[in-house]
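Q: To get our numbering, take the position in the sequence shown, counting from 1, and add 3.
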Amino acid sequence: MQNQNSKIKTELKQRAYQYSINMIKFLDSLPKDTSANIIINQLLRSSTSICANIVEARGSSSKKDFTNFFGYSLKSANESLYWLGLLRDAKGIRSQRLDYLLNETKELANILGASILTLKGKNKF
4 MQNQNSKIKT ELKQRAYQYS INMIKFLDSL PKDTSANIII NQLLRSSTSI CANIVEARGS
64 SSKKDFTNFF GYSLKSANES LYWLGLLRDA KGIRSQRLDY LLNETKELAN ILGASILTLK
124 GKNKF
């Protein structure tokens, strides 16, 4: 079971890392103006924080600490959804890459949320 948990954690970290790379490439491709730059900077911070906190969780000294870092990742994912929606709705950005990133952000948030519930013993299978 421990090997399975380790494999899942590694896969989540790799998926979140690839998500960060995809987000950076997407943000670098966007047209820049004053408001777009602010949104882009906020989105860059929140989206890359997802994986950073997953990595930080791996070095946790307790289950509570580990759960807290997953909570920070979930909050960053939710914030990223907000900024992606703002890019779409306020800046009129429409693309398959944006749709993909919105979906991937939602999936990461769902995985993190389910993981937190499991860690807290509230997820019943």
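C-beta: ideal position from N, C-alpha, C; glycine also.
1. Please report the Cβ distance between Leu122 and Phe72, rounded to the nearest whole angstrom; I am assuming they are in contact, meaning their Cβ atoms lie under 8 Å.
2. For the alpha helix (DSSP H) containing Leu89, list its first residue and its last residue.
3. Is the number of C-beta pairs between the region 7 to 17 and the region 25 to 38 that are closer than 8 Å three or more?
4. In angstroms with no decimal places, state the Cα-to-Cα distance between Glu59 and Thr108.
5. Roughly how many angstroms separate the alpha carbons of Ala39 and Lys67, rounded to a whole number?
6. Determine the extent of the alpha helix (DSSP H) in which Leu33 is found, giving its start and end residues.
7. In its own chain, which residues sit with a C-beta less than 6 Å from the C-beta of Ser52, not counting the 5 before and 5 after it?
8. Rounded to whole angstroms, how far is the Cβ of Ile11 from the Cβ of Leu77, which I believe are closer than 8 Å?
A: Looking at the atomic coordinates:
1. In fact, because the Cβ distance is near 11 Å, the residues do not count as touching under 8 Å.
2. Lys66 to Ala93
3. no
4. 19 Å
5. 37 Å
6. Note, Leu33: premise wrong, no alpha helix (DSSP H); not H, not E.
7. Ser79
8. Incorrect: roughly 16 Å between the Cβ atoms, too far for contact.
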